[in-house]
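*Asks:* For reference, the structure I am asking about is given below.
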């Protein structure tokens, strides 16, 4: 008799023991092995879990009554899906991000039962290698230094490739990957989201052919399982994917690359709330291999790490495709009538660009036709009945829609509060900009890209390819047009309203606005010497906008780091955020208050408790939300007292507690 310890995808901090009796005859069924899944009965429900240990002795934690140890139903996998390295990573994630081992493992491993052909990107056919560009002196220096540092020491060194958009960071990434492959090692190449970085994925696939594998959300669990096995069997040696690709089971991993390191999508929004950058740092340290990050707008934490010498920086200064850095102008909307979203200066510049046969991008990080519906008489604002946010009007559907929970309704004709007929839309979104653009430029071919008018990622990639091939003249959209894109004929970028997101109650609001403006500005003039960017704003003196408009990168980071130090926010402190949510507002608040008393009783030095307080967005999807922030110089005492709360606090089951270590948003 064998005894198997099986981990389930449950918020329970333990494994469960099941028995397995090997067959007397020849082995005709699948055998248990660490890293395989077993089908079991848990209570009266059939489920599956991962085997993490096997013994022929009864574990000490088991009941004395052996009749209570149930046999497994069957083994699911032909071969193990992970080995000891990934088990160790799962244990680290469980410890660091305050989740159970089962939650960590199930977040890492594909859930498919059987393999099926991968869709989307296919690497089975031979792909002709992309023409390699000759590297500049700066690029050659970066490649050689990173390779040399990885051979000098058995400890990982963190590297950062910093330079404006179009300065050749991708070519350095690909050249390094080639060198690592020549050494017989594997490479993980992380991008923020495959759909938004299709051109990078294409470059990787063209360079490495069927030795590359892509892990992304467009794959079904069965397709993902097939790619997983290709990686394990060394059929694929370069893995490109979004944040979960950091768990790829590459034997002999030699390099991890994180493109657009600043991007918020590297942080998971569900348990476990891991950050791919932190997991990459841990994995590289354990293996003693280099980690290379890159961005034109590094996160403030990464910039501070470079200043302190914790991360080695390599700077690229020139655009290599013939273009120059675009000329950036700021348009103060306070001096122009408010009826139109496209100001006169922007309209004139668009006409010049289109007349010259070049292309335009218009950027606004707000979907829908109008931002909210309000009453001009009493000030009443139509909010979602499930969330404490304004409803957005979508003209195409003639509906109000909540962008948090998806609830929709017909717009009211009279004010529900005072009965006035003076109720109408205010603000504007991409749908409104599309209507205005078509009215002002009737001969231009206009393409709008946002999540409202896209069915899937394949459609997004096709439309971006159409714009690249000049089937459209004007592209307007949300942040999906701001990053990772390369259009040879693009000359002008217009930011419709730079202030969006600026007044959010979050200490990272300025950093996000600066990054978005800088990223979308970098799309202009990558191949043309006279690229232009026009930024419309009501707050031209606001630091994030002023520094972005004047291309003062160093000055912005120095200002932001100084502000963070004054306020004692990251990178000068560490945070853990606890969110208490429930359909019952009072119950959520009382539970949060009880949790504060318990946390205070643990009496850890160097821990500051802030709250409980309503979350800035108090209600989402009918759940009322209250938060507690734990702040301190070190993460260890914060984790210690939060772990006690996680496993020792018996609270009302109608309240759910979210645990977020190093949160990137406080909304």
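Numbering (our numbering), first residue to last: 29 to 695.
We put the CB at the ideal spot given by N, CA and C, even for glycine.
None of these values were measured; they are calculated from a predicted model.
Would you please state the rounded distance, in angstroms, between the beta carbons of residue 300 and residue 121? I believe it to be under 8 angstroms.
*Replies:* Mapped onto the chain shown, residue 300 falls at position 272. Mapped onto the chain shown, residue 121 falls at position 93. Contact flag correct, Cβ pair sits at about 5 angstroms.
*Asks:* Of the residues 84, 35 and 123, which one's Cα is nearest the Cα of residue 675?
*Replies:* For the purposes of this step, residue 675 is taken as the residue at position 647 of the chain shown. For the residues 84, 35 and 123, the minimum Cα distance to residue 675 belongs to 123.
*Asks:* Let's see if you can read the secondary structure: which residues bound the alpha helix (DSSP H) around residue 378?
*Replies:* Indexing the chain shown from 1 puts residue 378 at position 350. Here the alpha helix (DSSP H) through residue 378 covers 372-383.
*Asks:* For the alpha helix (DSSP H) that residue 547 lies in, which residues bound it at each end?
*Replies:* For the purposes of this step, residue 547 is taken as residue 519 along the chain shown, with counting starting at 1. Looking at the DSSP string, the run of the alpha helix (DSSP H) that includes residue 547 is 537-549.
*Asks:* Identify every residue that forms a DSSP beta bridge with residue 46.
*Replies:* For the purposes of this step, residue 46 is identified with residue 18 of the chain shown, where counting begins at 1. According to DSSP, which records beta bridges pairwise, residue 46 is partnered with 32.
*Asks:* Measure the Cβ-Cβ separation of residue 627 and residue 664 and say whether it is below 7 angstroms.
*Replies:* Here residue 627 is taken as the residue at index 599 of the chain shown, counted from 1. Here residue 664 is taken as the residue at index 636 of the chain shown, counted from 1. No; because the gap between Cβ atoms is not below 7 angstroms, this pair is not in contact.
*Asks:* Taking all protein chains shown into account, decide if residue 79 is buried (16 or more other Cβ within 10 angstroms of its Cβ) or exposed.
*Replies:* Within the chain shown, the letter at position 51 stands for residue 79. Looking at its Cβ environment, which holds 16 or more other Cβ atoms inside 10 Å, residue 79 is buried.
*Asks:* Between residue 131 and the rest of its own chain, which residues show a CB-CB distance below 6 angstroms, the 5 nearest in sequence each way excluded?
*Replies:* Counting from one through the chain shown, the residue named residue 131 turns up at place 103. So the list reads 299 and 300, once near-sequence residues are dropped.
*Asks:* Taking a contact to mean a Cβ-Cβ separation below 7 angstroms, would you say residue 115 touches residue 45 in this structure?
*Replies:* What you label residue 115 is simply residue 87 of the chain shown in a count that begins at 1. What you label residue 45 is simply residue 17 of the chain shown in a count that begins at 1. Their beta carbons are not under 7 angstroms apart, which means residue 115 does not touch residue 45 by this criterion.
*Asks:* May I have a chain-ordered list of the alpha helix (DSSP H) segments no shorter than 4 residues that lie completely inside the region 296-323?
*Replies:* 304-315, all fully within the region 296-323.
*Asks:* Which word fits residue 383, buried or exposed, when buried means at least 16 other C-beta atoms lie within 10 angstroms of its C-beta?
*Replies:* As a working note, residue 383 is residue 355 in the chain shown. By the neighbour-count rule (16 or more Cβ atoms within 10 Å), residue 383 is not buried but exposed.
*Asks:* Could you round the C-beta distance between residue 186 and residue 340 to whole angstroms and report it? I think they count as a contact, below 8 angstroms.
*Replies:* In the chain shown, residue 186 corresponds to position 158, counting from 1. In the chain shown, residue 340 corresponds to position 312, counting from 1. Their Cβ separation, rounded to whole angstroms, is 7 angstroms, which keeps residue 186 and residue 340 in contact under 8 angstroms.
*Asks:* In chain order, what residues of the same chain have a beta carbon less than 6 angstroms from the beta carbon of residue 275, not counting five sequence neighbours either side?
*Replies:* Against the chain shown, residue 275 aligns to sequence position 247. If we look at residue 275 and ignore the five residues flanking it on each side, its Cβ neighbours are 136.
*Asks:* Does the beta-carbon of residue 198 have 16 or more other beta-carbons within 10 angstroms, so that it is buried, or is it exposed?
*Replies:* Here residue 198 refers to the residue found at position 170 when the chain shown is read from its first residue. Residue 198 should be labelled buried.
*Asks:* Taking residue 595 as the reference, give the member of 536, 140, 678 and 253 with the closest Cα.
*Replies:* For the purposes of this step, residue 595 is taken as the residue at position 567 of the chain shown. Considering only alpha carbons, the answer is 536.
*Asks:* So, helix, strand or coil for residue 118, using DSSP?
*Replies:* As a working note, residue 118 is residue 90 in the chain shown. Helix.
*Asks:* If contact is defined by three or more beta carbon pairs under 8 angstroms, each pair taking one atom from either stretch, is the region 563-579 in contact with the region 358-367?
*Replies:* Contact between the region 358-367 and the region 563-579 is present, because at least three Cβ pairs lie under 8 angstroms.
*Asks:* If we ignore side chains and look at the alpha-carbon of each, how far apart do residue 539 and residue 260 end up?
*Replies:* Taking the first residue of the chain shown as position 1, residue 539 is located at position 511. Taking the first residue of the chain shown as position 1, residue 260 is located at position 232. So the alpha carbons of these two residues sit roughly 39 angstroms apart.
*Asks:* Could you pull out every residue in the same chain whose Cβ sits closer than 6 angstroms to the Cβ of residue 435, ignoring the five residues on either side in sequence?
*Replies:* Taking the first residue of the chain shown as 1, we reach residue 435 at position 407. So the list reads 412 and 414, once near-sequence residues are dropped.
*Asks:* Quick one: any contact between the region 62-74 and the region 96-111, if contact means 3 or more CB pairs under 8 angstroms?
*Replies:* Yes, the region 62-74 touches the region 96-111.
*Asks:* Starting from residue 241, follow the beta strand (DSSP E) in both directions and report where the run begins and ends.
*Replies:* Sequence index remark: in the chain shown, residue 241 carries index 213 (1-based). Its beta strand (DSSP E) spans residues 240-243.
*Asks:* Below 6 angstroms CB to CB, which residues in the same chain sit around residue 373 once its five sequence neighbours on both sides are set aside?
*Replies:* On the chain shown, residue 373 is found 345 positions in, with the first residue counted as 1. Once the five neighbours on either side are set aside, the close Cβ partners of residue 373 are 359.
*Asks:* Find out if the Cβ-Cβ distance for the pair residue 550, residue 602 is shorter than 7 angstroms.
*Replies:* The count along the chain shown starts at 1 and reaches residue 550 at position 522. The count along the chain shown starts at 1 and reaches residue 602 at position 574. No. Outside cutoff.
*Asks:* Could you check where the beta strand (DSSP E) with residue 108 kicks off and where it finishes?
*Replies:* Translated into the one-based positions of the chain shown, residue 108 becomes position 80. No beta strand (DSSP E) contains residue 108, which DSSP labels as neither H nor E.
*Asks:* State the start and end residues of the unbroken alpha helix (DSSP H) segment that holds residue 339.
*Replies:* Within the chain shown, the letter at position 311 stands for residue 339. Unbroken run through residue 339: none, as it is neither H nor E.
*Asks:* I need the DSSP call for residue 397, collapsed to helix, strand or coil.
*Replies:* For this step, residue 397 is matched to residue 369 along the chain shown. Reliability fails at residue 397, whose pLDDT of 47 lies under 50, so the model's placement of it is uncertain and the value that follows must be treated cautiously. In this structure, residue 397 counts as coil in the three-state DSSP scheme.
*Asks:* How big is the Cα-Cα spacing for residue 108 and residue 393?
*Replies:* Counting from 1 along the chain shown, the entry for residue 108 is found at position 80. Counting from 1 along the chain shown, the entry for residue 393 is found at position 365. In a straight line, the C-alpha of residue 108 is about 44 angstroms away from that of residue 393.
*Asks:* Between which residues of its own chain and residue 171 is the CB-CB distance below 8 angstroms, once the five residues before and five after are set aside?
*Replies:* Residue numbering aside, residue 171 sits at position 143 when the chain shown is read from its first letter. Here the set comprises 163, 200, 203, 204 and 207.
*Asks:* Hey, out of 72, 691, 609 and 638, whose CA is closest to residue 679's CA?
*Replies:* In the chain shown, residue 679 corresponds to position 651, counting from 1. Taking only the C-alpha atoms, the option nearest residue 679 is 609.
*Asks:* Less than 7 angstroms between the C-beta atoms of residue 100 and residue 48, yes or no?
*Replies:* Taking the chain shown and counting its residues from 1, the one referred to as residue 100 is at position 72. Taking the chain shown and counting its residues from 1, the one referred to as residue 48 is at position 20. Yes, Cβ-Cβ distance for residue 100 and residue 48 is below 7 angstroms.
*Asks:* So the alpha helix (DSSP H) residue 473 belongs to, where does it begin and stop?
*Replies:* Numbered from its first residue, the chain shown carries residue 473 at position 445. Run containing residue 473: none; DSSP gives neither H nor E here.
*Asks:* Do you know whose CA, among 658, 401, 422 and 327, lies nearest residue 449's CA?
*Replies:* One-based indexing of the chain shown puts residue 449 at position 421. Among 658, 401, 422 and 327, the Cα nearest to that of residue 449 is on 401.
*Asks:* Counting only the same chain and skipping the five closest in sequence on each side, list residues whose C-beta sits under 7 angstroms from that of residue 150.
*Replies:* As a first step, residue 150 must be located in the chain shown, where it is residue number 122. With a pLDDT of only 34 at residue 150, under 50, the local geometry of the prediction cannot be trusted, and no value is derived from it.
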